[in-house]
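Enquirer:
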Amino acid sequence: MKEMIKISDKIRKVLIVDDSELLHRMYDLIFFRCRNNGIKILHAYDGQEALSKLSEHPDTDLIVLDIHMPVMDGLQFLRHCNKERIHQKIPVIVTGTQGKEQDTMDGLKAGAQGYLIKPFETENFYKVINKVFYEKPKAAQETVEFSNPF
233 MKEMIKISDK IRKVLIVDDS ELLHRMYDLI FFRCRNNGIK ILHAYDGQEA
283 LSKLSEHPDT DLIVLDIHMP VMDGLQFLRH CNKERIHQKI PVIVTGTQGK
333 EQDTMDGLKA GAQGYLIKPF ETENFYKVIN KVFYEKPKAA QETVEFSNPF
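Numbering (the working numbering), first residue to last: 233 to 382.
Next up, the structure:
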């Protein structure tokens with residue numbers, strides 16, 4: 233419970249960027265308790281849609297970004313933001329797949345502040361968020377296994 237209180241102190245709006253509807257539902261469940269403290273969850277299914285959401289919601293506090301998506305993937309999104317010098321103050325946690333850890337490391341090089349390898353445990357997700365917000369400027373990292381939040 234203490235982890236959630238820390239998170240809710242810093243975060244009011246989270247943008248989830250992933251092409252999987254199932255993972256969007258999982259993130260909704262993960263943040264369910266936090267939403268009771270005023271956290272709003274925004275959803276985008278590719279990097280291009282994420283750019284539109286951020287234009288509508290420039291007060292976003294955190295982006296959870298999948299690496300592999302259609303239209304504009306996570307790395308393209310990060311590179312675009314860096315090139316255009318937009319949304320650079322919003323912390324980003326990239327998520328990648330086991331066996332493709334290099335993609336996740338590329339996400340850190342492209343500007344993400346933390347990463348998780350899917351599948352991951354909910355507790356470790358909270359730990360990475362707290363590391364990103366409370367231990368800057370180090371990159372927060374957790375390579376963990378999945379715990380079904382359903």
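Here a beta-carbon is modelled for each residue, glycine too, at the ideal position from N, C-alpha and C.
According to DSSP, which residues form a beta bridge with residue 274?
Expert: 247
Enquirer: Taking the continuous alpha helix (DSSP H) assigned at residue 364, which residues delimit it?
Expert: 354-366
Enquirer: By a C-beta neighbour count over all protein chains shown, 10 Å radius and 16 as the cutoff for buried, is residue 290 buried or exposed?
Expert: exposed
Enquirer: Would you mind listing the beta strand (DSSP E) stretches within the stretch 283-332 that are 3+ residues and don't spill past its ends, in chain order?
Expert: 294-298, 324-329
Enquirer: Are the CB atoms of residue 312 and residue 286 within a distance shorter than 7 Å?
Expert: Remark: C-beta atoms of residue 286 and residue 312 do not approach each other more closely than 7 Å.
Enquirer: Does DSSP classify residue 279 as helix, strand or coil?
Expert: Three-state result, residue 279: helix.
Enquirer: Helix, strand or coil, according to DSSP, for residue 346 in the structure here?
Expert: strand
Enquirer: Taking only three categories from DSSP, how would you classify residue 263?
Expert: coil
Enquirer: Distance, Cα to Cα, residue 341 vs residue 264?
Expert: 31 Å
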